[in-house]
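The sequence shown runs -16 to -1, 1 to 373 under mature numbering (1 follows the signal peptide of the UniProt record, and there is no 0).
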Amino acid sequence: MDRKVLLPLFLLLAAGENLDASLSKDDQCDATGDCALQALQTKGLSTEDGAGCPAGLGRSVGGTPCRPCPEGTYSEEGSAVCTRCTAGTWNDRRGAGKKSLCEPCPVGTWSSQEGAISLLACMECPKGTFSNRTALGSQSLCDRCPGGTWSDVAGASSESVCQKCTAGKWSPQVGADRESVCVQCPMGRFNVEEGAAEPTKCKACKAGTWSAQEGANTTDVCTPCSAGRWSPATGATTEATCAECSQGTWNDAKGSSTVRSCKKCGPGTYSEDIAATNANVCLPCPEGTYQPILAAGNRTLCIPCAVGNYSKSVGVAMCKRCPFGSYGNSFGLTSCVKCPKGTWTRAQGSIRADQCSSWVKPQAGQMEEEKDAEPEEDIKEEFGGLTGQ
(Lines of atoms letter the chains of each structure in order from A and count residues from 1; the text may use other names and numbers.)
(Lines give C-alpha, C1' and ligand atoms only; values in the text may rest on other atoms or scores of the structure.)
Protein backbone atom coordinates (compact mmCIF):
# COMPACT_ATOMS: atom_id res chain seq x y z
CA MET A 1 0.00 0.00 0.00
CA ASP A 2 1.12 3.54 -0.76
CA ARG A 3 2.97 5.27 2.06
CA LYS A 4 0.67 8.23 1.53
CA VAL A 5 -2.18 6.01 2.75
CA LEU A 6 -0.29 4.00 5.41
CA LEU A 7 0.66 6.98 7.56
CA PRO A 8 -2.91 8.32 7.91
CA LEU A 9 -4.10 4.81 8.73
CA PHE A 10 -1.44 4.46 11.40
CA LEU A 11 -2.51 7.73 12.98
CA LEU A 12 -6.12 6.64 13.04
CA LEU A 13 -5.26 3.34 14.72
CA ALA A 14 -3.04 5.08 17.27
CA ALA A 15 -5.98 7.28 18.19
CA GLY A 16 -8.06 4.20 18.99
CA GLU A 17 -10.35 4.59 15.99
CA ASN A 18 -12.30 1.75 14.47
CA LEU A 19 -10.71 1.62 11.01
CA ASP A 20 -13.56 -0.28 9.43
CA ALA A 21 -16.08 2.17 10.79
CA SER A 22 -14.01 5.10 9.58
CA LEU A 23 -13.63 3.74 6.06
CA SER A 24 -17.16 2.41 5.62
CA LYS A 25 -18.91 5.73 5.70
CA ASP A 26 -19.46 7.04 2.18
CA ASP A 27 -19.60 10.59 3.36
CA GLN A 28 -16.05 10.35 4.64
CA CYS A 29 -14.57 9.71 1.17
CA ASP A 30 -14.01 12.74 -1.03
CA ALA A 31 -14.47 12.82 -4.77
CA THR A 32 -10.94 11.47 -5.30
CA GLY A 33 -11.81 8.31 -3.35
CA ASP A 34 -8.95 8.92 -0.91
CA CYS A 35 -10.82 7.71 2.18
CA ALA A 36 -7.73 7.59 4.43
CA LEU A 37 -6.96 11.25 3.85
CA GLN A 38 -10.58 12.19 4.37
CA ALA A 39 -10.74 10.25 7.62
CA LEU A 40 -7.61 11.96 8.91
CA GLN A 41 -9.05 15.35 8.04
CA THR A 42 -12.39 14.50 9.70
CA LYS A 43 -10.78 13.47 12.99
CA GLY A 44 -8.50 16.50 12.97
CA LEU A 45 -5.40 14.38 13.57
CA SER A 46 -1.96 15.83 12.86
CA THR A 47 1.67 15.12 13.34
CA GLU A 48 3.62 16.75 16.10
CA ASP A 49 4.10 20.51 16.08
CA GLY A 50 6.65 21.58 13.47
CA ALA A 51 6.73 18.20 11.78
CA GLY A 52 5.95 17.69 8.10
CA CYS A 53 2.69 16.42 6.67
CA PRO A 54 2.10 13.47 4.40
CA ALA A 55 2.27 14.12 0.65
CA GLY A 56 -0.76 16.09 -0.50
CA LEU A 57 -1.40 17.57 2.97
CA GLY A 58 -0.39 20.80 4.63
CA ARG A 59 -1.21 23.06 7.55
CA SER A 60 -1.69 26.78 7.78
CA VAL A 61 0.01 27.25 11.20
CA GLY A 62 1.90 24.97 13.56
CA GLY A 63 -0.25 22.73 15.72
CA THR A 64 -3.20 22.79 13.33
CA PRO A 65 -4.26 19.59 11.61
CA CYS A 66 -2.74 18.55 8.27
CA ARG A 67 -5.41 19.04 5.69
CA PRO A 68 -5.54 18.20 1.96
CA CYS A 69 -3.91 20.87 -0.19
CA PRO A 70 -6.53 22.83 -2.17
CA GLU A 71 -6.80 22.94 -5.95
CA GLY A 72 -3.97 24.83 -7.60
CA THR A 73 -1.43 23.64 -4.99
CA TYR A 74 0.61 20.58 -4.08
CA SER A 75 2.66 19.28 -1.15
CA GLU A 76 5.41 16.72 -1.43
CA GLU A 77 6.21 14.18 1.31
CA GLY A 78 7.51 15.74 4.53
CA SER A 79 6.41 19.28 3.71
CA ALA A 80 3.87 21.08 5.86
CA VAL A 81 3.28 23.78 3.20
CA CYS A 82 0.95 23.59 0.21
CA THR A 83 2.93 25.18 -2.62
CA ARG A 84 1.10 26.94 -5.42
CA CYS A 85 1.48 25.58 -8.94
CA THR A 86 3.83 27.87 -10.84
CA ALA A 87 2.73 30.26 -13.58
CA GLY A 88 2.06 28.36 -16.77
CA THR A 89 0.59 25.35 -14.91
CA TRP A 90 -2.69 24.45 -13.21
CA ASN A 91 -4.25 21.76 -10.97
CA ASP A 92 -7.95 21.07 -10.42
CA ARG A 93 -7.46 18.31 -7.78
CA ARG A 94 -7.24 18.56 -3.99
CA GLY A 95 -4.49 16.79 -2.12
CA ALA A 96 -1.92 16.79 -4.94
CA GLY A 97 1.20 15.13 -3.58
CA LYS A 98 3.80 16.15 -6.16
CA LYS A 99 4.65 19.05 -8.43
CA SER A 100 4.20 17.01 -11.58
CA LEU A 101 0.46 16.95 -10.88
CA CYS A 102 0.43 20.64 -11.85
CA GLU A 103 -0.60 20.34 -15.50
CA PRO A 104 1.26 22.53 -18.03
CA CYS A 105 -0.62 25.01 -20.18
CA PRO A 106 -0.68 23.47 -23.67
CA VAL A 107 1.19 24.80 -26.71
CA GLY A 108 -0.14 28.09 -28.02
CA THR A 109 -1.21 29.25 -24.53
CA TRP A 110 0.24 30.96 -21.46
CA SER A 111 -0.70 31.88 -17.88
CA SER A 112 0.93 34.27 -15.44
CA GLN A 113 -1.33 33.09 -12.62
CA GLU A 114 0.21 31.08 -9.80
CA GLY A 115 -2.02 28.45 -8.18
CA ALA A 116 -4.34 28.21 -11.18
CA ILE A 117 -7.13 25.68 -10.62
CA SER A 118 -8.39 25.29 -14.19
CA LEU A 119 -7.25 24.99 -17.77
CA LEU A 120 -9.29 28.14 -18.34
CA ALA A 121 -6.45 30.07 -16.71
CA CYS A 122 -4.32 29.29 -19.77
CA MET A 123 -4.79 32.18 -22.20
CA GLU A 124 -4.22 31.93 -25.94
CA CYS A 125 -1.07 33.49 -27.37
CA PRO A 126 -2.37 36.63 -29.13
CA LYS A 127 -2.63 37.12 -32.86
CA GLY A 128 0.75 37.72 -34.45
CA THR A 129 2.41 35.23 -32.09
CA PHE A 130 2.75 31.48 -31.62
CA SER A 131 4.34 28.96 -29.26
CA ASN A 132 5.33 25.34 -29.70
CA ARG A 133 6.26 25.08 -25.99
CA THR A 134 4.13 24.22 -22.98
CA ALA A 135 3.87 25.84 -19.54
CA LEU A 136 4.55 29.42 -20.63
CA GLY A 137 4.35 31.72 -17.61
CA SER A 138 4.05 35.00 -19.50
CA GLN A 139 2.51 36.32 -22.69
CA SER A 140 5.92 37.76 -23.60
CA LEU A 141 7.18 34.20 -23.97
CA CYS A 142 4.92 33.67 -26.97
CA ASP A 143 7.16 33.88 -30.05
CA ARG A 144 6.35 36.76 -32.38
CA CYS A 145 5.91 36.32 -36.12
CA PRO A 146 9.06 37.69 -37.78
CA GLY A 147 9.23 40.84 -39.90
CA GLY A 148 7.68 40.43 -43.32
CA THR A 149 4.91 38.19 -41.94
CA TRP A 150 1.60 38.46 -40.06
CA SER A 151 -1.00 36.24 -38.41
CA ASP A 152 -4.63 36.79 -37.40
CA VAL A 153 -4.79 33.44 -35.56
CA ALA A 154 -4.78 33.37 -31.75
CA GLY A 155 -3.43 30.37 -29.86
CA ALA A 156 -1.14 29.28 -32.68
CA SER A 157 1.35 26.53 -31.94
CA SER A 158 3.57 26.85 -35.02
CA GLU A 159 5.32 29.55 -37.04
CA SER A 160 3.56 28.18 -40.09
CA VAL A 161 0.56 30.39 -39.22
CA CYS A 162 2.69 33.48 -39.95
CA GLN A 163 1.73 34.45 -43.48
CA LYS A 164 4.27 36.23 -45.66
CA CYS A 165 3.74 39.69 -47.08
CA THR A 166 3.08 39.22 -50.78
CA ALA A 167 5.60 40.19 -53.44
CA GLY A 168 5.58 43.94 -54.00
CA LYS A 169 5.23 44.62 -50.27
CA TRP A 170 7.37 44.61 -47.12
CA SER A 171 7.01 45.02 -43.35
CA PRO A 172 9.60 45.54 -40.59
CA GLN A 173 7.06 44.84 -37.84
CA VAL A 174 7.42 41.70 -35.74
CA GLY A 175 4.31 40.20 -34.16
CA ALA A 176 2.02 41.75 -36.78
CA ASP A 177 -1.60 40.65 -36.48
CA ARG A 178 -3.01 41.86 -39.80
CA GLU A 179 -2.05 42.01 -43.45
CA SER A 180 -2.42 45.77 -43.63
CA VAL A 181 0.98 46.17 -41.95
CA CYS A 182 2.55 45.04 -45.23
CA VAL A 183 3.58 48.25 -46.99
CA GLN A 184 3.56 48.55 -50.77
CA CYS A 185 6.84 49.25 -52.53
CA PRO A 186 6.75 52.88 -53.72
CA MET A 187 6.51 54.02 -57.31
CA GLY A 188 9.70 53.48 -59.26
CA ARG A 189 10.47 50.27 -57.35
CA PHE A 190 9.45 46.60 -57.32
CA ASN A 191 9.90 43.46 -55.20
CA VAL A 192 9.67 39.92 -56.53
CA GLU A 193 10.12 38.21 -53.12
CA GLU A 194 7.51 37.23 -50.55
CA GLY A 195 8.08 37.95 -46.86
CA ALA A 196 10.29 41.03 -47.30
CA ALA A 197 11.15 42.67 -43.98
CA GLU A 198 13.25 45.60 -45.23
CA PRO A 199 12.58 48.45 -47.69
CA THR A 200 15.84 47.60 -49.44
CA LYS A 201 14.03 44.57 -50.87
CA CYS A 202 12.13 47.04 -53.05
CA LYS A 203 14.54 47.36 -55.99
CA ALA A 204 14.72 50.55 -58.06
CA CYS A 205 13.81 50.52 -61.73
CA LYS A 206 17.05 50.84 -63.66
CA ALA A 207 18.23 53.98 -65.42
CA GLY A 208 16.38 54.58 -68.65
CA THR A 209 13.08 53.33 -67.22
CA TRP A 210 10.29 54.57 -64.92
CA SER A 211 7.21 53.29 -63.07
CA ALA A 212 4.19 55.05 -61.56
CA GLN A 213 2.82 51.84 -60.01
CA GLU A 214 2.90 51.13 -56.27
CA GLY A 215 3.28 47.60 -54.92
CA ALA A 216 4.90 46.31 -58.10
CA ASN A 217 6.05 42.68 -58.00
CA THR A 218 7.82 42.44 -61.36
CA THR A 219 10.35 44.37 -63.44
CA ASP A 220 7.76 44.50 -66.21
CA VAL A 221 6.31 47.63 -64.61
CA CYS A 222 9.52 49.53 -65.35
CA THR A 223 8.62 51.28 -68.61
CA PRO A 224 11.53 52.18 -70.93
CA CYS A 225 12.03 55.79 -71.92
CA SER A 226 10.71 56.16 -75.45
CA ALA A 227 12.97 56.61 -78.46
CA GLY A 228 14.36 60.13 -78.65
CA ARG A 229 14.71 60.31 -74.87
CA TRP A 230 17.10 59.19 -72.12
CA SER A 231 17.35 59.15 -68.31
CA PRO A 232 20.29 58.48 -65.93
CA ALA A 233 18.00 58.25 -62.87
CA THR A 234 17.17 54.99 -61.12
CA GLY A 235 13.79 54.57 -59.43
CA ALA A 236 12.15 57.18 -61.68
CA THR A 237 8.41 57.59 -61.12
CA THR A 238 7.31 59.51 -64.20
CA GLU A 239 8.07 59.69 -67.91
CA ALA A 240 8.94 63.35 -67.41
CA THR A 241 12.22 62.09 -65.95
CA CYS A 242 13.17 60.98 -69.46
CA ALA A 243 15.04 63.92 -71.01
CA GLU A 244 14.60 64.75 -74.68
CA CYS A 245 17.46 64.47 -77.12
CA SER A 246 18.38 68.04 -78.00
CA GLN A 247 18.29 69.74 -81.40
CA GLY A 248 20.92 68.38 -83.72
CA THR A 249 20.69 64.86 -82.26
CA TRP A 250 18.45 61.80 -82.50
CA ASN A 251 17.99 58.40 -80.83
CA ASP A 252 16.15 55.42 -82.26
CA ALA A 253 16.50 53.18 -79.14
CA LYS A 254 14.13 52.79 -76.16
CA GLY A 255 15.34 52.72 -72.56
CA SER A 256 18.47 54.81 -73.04
CA SER A 257 20.26 55.80 -69.85
CA THR A 258 22.83 58.32 -71.09
CA VAL A 259 22.91 61.40 -73.30
CA ARG A 260 25.53 59.62 -75.38
CA SER A 261 22.66 57.57 -76.75
CA CYS A 262 21.57 60.68 -78.64
CA LYS A 263 23.46 60.44 -81.93
CA LYS A 264 24.73 63.64 -83.51
CA CYS A 265 23.83 64.98 -86.92
CA GLY A 266 26.97 65.07 -89.06
CA PRO A 267 28.85 68.08 -90.50
CA GLY A 268 26.98 69.78 -93.31
CA THR A 269 23.62 69.04 -91.69
CA TYR A 270 21.37 70.41 -88.94
CA SER A 271 18.19 69.54 -87.08
CA GLU A 272 15.79 71.81 -85.25
CA ASP A 273 13.73 68.90 -83.86
CA ILE A 274 13.87 67.75 -80.24
CA ALA A 275 13.36 64.12 -79.14
CA ALA A 276 14.06 63.04 -82.71
CA THR A 277 13.92 59.29 -83.30
CA ASN A 278 15.80 58.85 -86.60
CA ALA A 279 18.51 60.38 -88.77
CA ASN A 280 16.01 61.71 -91.30
CA VAL A 281 15.66 64.83 -89.17
CA CYS A 282 19.25 65.81 -90.06
CA LEU A 283 18.73 68.15 -93.01
CA PRO A 284 21.55 69.19 -95.39
CA CYS A 285 22.71 72.77 -95.45
CA PRO A 286 21.77 74.39 -98.81
CA GLU A 287 24.10 75.17 -101.73
CA GLY A 288 26.38 78.10 -101.13
CA THR A 289 26.76 77.27 -97.43
CA TYR A 290 28.79 74.94 -95.24
CA GLN A 291 28.55 73.56 -91.71
CA PRO A 292 31.72 72.14 -90.12
CA ILE A 293 30.46 70.91 -86.71
CA LEU A 294 28.52 67.96 -85.33
CA ALA A 295 25.01 68.27 -83.86
CA ALA A 296 24.11 71.62 -85.39
CA GLY A 297 20.71 72.51 -84.00
CA ASN A 298 19.61 75.35 -86.25
CA ARG A 299 19.65 76.30 -89.93
CA THR A 300 21.38 79.54 -89.02
CA LEU A 301 24.48 77.45 -88.34
CA CYS A 302 24.75 76.82 -92.08
CA ILE A 303 27.41 79.43 -92.90
CA PRO A 304 27.50 81.18 -96.30
CA CYS A 305 30.67 80.48 -98.24
CA ALA A 306 33.15 83.33 -97.90
CA VAL A 307 34.18 85.46 -100.87
CA GLY A 308 36.58 83.56 -103.09
CA ASN A 309 34.80 80.29 -102.21
CA TYR A 310 31.75 78.42 -103.39
CA SER A 311 29.63 75.34 -102.82
CA LYS A 312 27.51 73.85 -105.55
CA SER A 313 26.40 70.85 -103.44
CA VAL A 314 24.12 70.61 -100.40
CA GLY A 315 25.31 69.29 -97.05
CA VAL A 316 28.99 70.17 -97.26
CA ALA A 317 31.30 70.67 -94.33
CA MET A 318 33.67 73.05 -96.17
CA CYS A 319 33.39 75.36 -99.19
CA LYS A 320 35.87 75.07 -102.07
CA ARG A 321 38.12 77.86 -103.27
CA CYS A 322 37.34 79.38 -106.61
CA PRO A 323 39.66 77.65 -109.12
CA PHE A 324 42.29 79.31 -111.31
CA GLY A 325 40.70 81.44 -113.98
CA SER A 326 37.79 82.50 -111.78
CA TYR A 327 36.94 84.60 -108.78
CA GLY A 328 34.20 84.95 -106.19
CA ASN A 329 33.23 88.47 -105.27
CA SER A 330 30.33 87.76 -102.87
CA PHE A 331 29.25 85.47 -100.05
CA GLY A 332 27.26 82.28 -100.48
CA LEU A 333 28.21 81.54 -104.08
CA THR A 334 27.21 78.27 -105.67
CA SER A 335 29.70 78.86 -108.52
CA CYS A 336 32.59 81.23 -109.25
CA VAL A 337 32.72 83.92 -111.95
CA LYS A 338 35.00 83.08 -114.87
CA CYS A 339 37.66 85.56 -115.91
CA PRO A 340 37.10 87.25 -119.29
CA LYS A 341 38.44 85.38 -122.28
CA GLY A 342 42.18 85.67 -122.58
CA THR A 343 42.74 86.35 -118.91
CA TRP A 344 43.56 84.22 -115.91
CA THR A 345 43.89 84.37 -112.16
CA ARG A 346 47.25 83.51 -110.74
CA ALA A 347 45.83 82.02 -107.47
CA GLN A 348 42.86 80.00 -106.29
CA GLY A 349 40.25 81.80 -104.22
CA SER A 350 40.51 85.10 -106.07
CA ILE A 351 37.88 87.58 -105.00
CA ARG A 352 37.93 90.39 -107.61
CA ALA A 353 37.68 90.75 -111.35
CA ASP A 354 40.86 92.82 -111.50
CA GLN A 355 42.74 89.72 -110.37
CA CYS A 356 42.13 88.34 -113.85
CA SER A 357 45.18 89.08 -116.04
CA SER A 358 46.94 87.80 -119.13
CA TRP A 359 48.64 84.58 -118.40
CA VAL A 360 52.45 84.61 -118.42
CA LYS A 361 54.43 81.43 -118.21
CA PRO A 362 56.38 81.45 -114.91
CA GLN A 363 60.12 81.90 -115.25
CA ALA A 364 62.71 79.79 -113.48
CA GLY A 365 63.05 80.73 -109.81
CA GLN A 366 59.52 82.10 -109.48
CA MET A 367 57.31 80.99 -106.59
CA GLU A 368 56.21 77.40 -106.72
CA GLU A 369 52.54 78.33 -106.48
CA GLU A 370 52.91 80.43 -109.61
CA LYS A 371 54.22 77.38 -111.43
CA ASP A 372 51.16 75.52 -110.21
CA ALA A 373 49.03 78.25 -111.71
CA GLU A 374 49.91 77.25 -115.27
CA PRO A 375 46.67 76.07 -116.93
CA GLU A 376 46.40 72.76 -118.66
CA GLU A 377 46.11 72.76 -122.44
CA ASP A 378 42.36 72.18 -122.39
CA ILE A 379 41.88 75.16 -120.07
CA LYS A 380 44.05 77.31 -122.33
CA GLU A 381 41.78 76.39 -125.17
CA GLU A 382 38.64 77.08 -123.11
CA PHE A 383 39.75 80.54 -122.15
CA GLY A 384 41.32 81.24 -125.52
CA GLY A 385 44.37 83.33 -126.33
CA LEU A 386 46.37 81.99 -123.39
CA THR A 387 49.89 81.74 -124.70
CA GLY A 388 53.17 81.98 -123.00
CA GLN A 389 54.74 85.43 -123.33
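For each residue, glycine too, the CB sits at the ideal point set by N, CA and C.
Rounded C-alpha distance that separates residue i from residue j
i      : j      : result
Asp136 : Pro110 : 9 Å
Pro130 : Phe174 : 21 Å
Arg336 : Cys289 : 15 Å
Val145 : Thr133 : 9 Å
Gly172 : Tyr274 : 46 Å
Tyr294 : Thr203 : 57 Å
Arg78  : Pro54  : 5 Å
Gly239 : Thr261 : 13 Å
Pro324 : Gly272 : 23 Å
Ala160 : Lys185 : 19 Å
Thr48  : Gly139 : 44 Å
Arg162 : Gly179 : 14 Å
Thr327 : Ser342 : 4 Å
Gly199 : Cys106 : 40 Å
Cys269 : Lys322 : 25 Å
Ala211 : Val243 : 12 Å
Val167 : Ser215 : 28 Å
Val265 : Cys209 : 20 Å
Three-state class that DSSP yields for residue i in the structure shown
i           : result
Cys293      : For clarity, residue 293 is Asn in the given sequence; the question names Cys instead. Three-state result, Asn293: strand.
residue 374 : An answer regarding residue 374 cannot be provided, because it is not within the stretch -16 to 373 covered by the chain.
Leu41       : strand
Lys185      : helix
Ser230      : coil
Lys83       : helix
Leu278      : coil
Arg117      : coil
Thr284      : helix
Leu267      : strand
Thr222      : coil
Thr318      : coil
Thr203      : helix
Ser245      : helix
Contact check, residue i vs residue j, beta carbons under 8 Å
i      : j      : result
Glu223 : Ala259 : no
Tyr254 : Leu285 : yes
Gly192 : Cys169 : no
Ala217 : Thr225 : yes
Close-in-space but distant-in-sequence residues of the same chain around residue i (CB under 7 Å, 5 per side omitted)
i           : result
Val91       : Ser115, Asn116, Arg117, Thr118 and Ser141
Gly99       : Gly56, Thr57, Arg68 and Cys69
Ala196      : Met171, Thr221 and Thr222
residue 426 : Absent from the model: residue 426. The displayed extent of the chain is -16 to 373, so no value can be given.
Leu85       : Tyr58, Asn75 and Arg77
Gly232      : Lys248, Cys249, Tyr254, Ser255, Ala279, Ala280 and Gly281
Gln339      : Tyr311 and Thr329
Gln332      : Arg305, Cys306, Pro307 and Phe308
Ile287      : Thr273, Tyr274 and Gln275
Ser96       : Ala71, Gly121 and Ser122
Other residues of its chain near residue i: CB distance less than 6 Å, five sequence neighbours each side excluded
i      : result
Cys66  : Gly42, Cys53, Thr57 and Ser59
Val300 : Gly252 and Tyr274
Arg128 : Thr113, Val158 and Gly159
Practice problem: Would you list, in sequence order, the uninterrupted alpha helix (DSSP H) runs of no fewer than 4 residues that lie entirely inside the stretch 119 to 177? | Solution: The DSSP assignment places no complete run of the alpha helix (DSSP H) inside the stretch 119 to 177 (cut-off: 4 residues).
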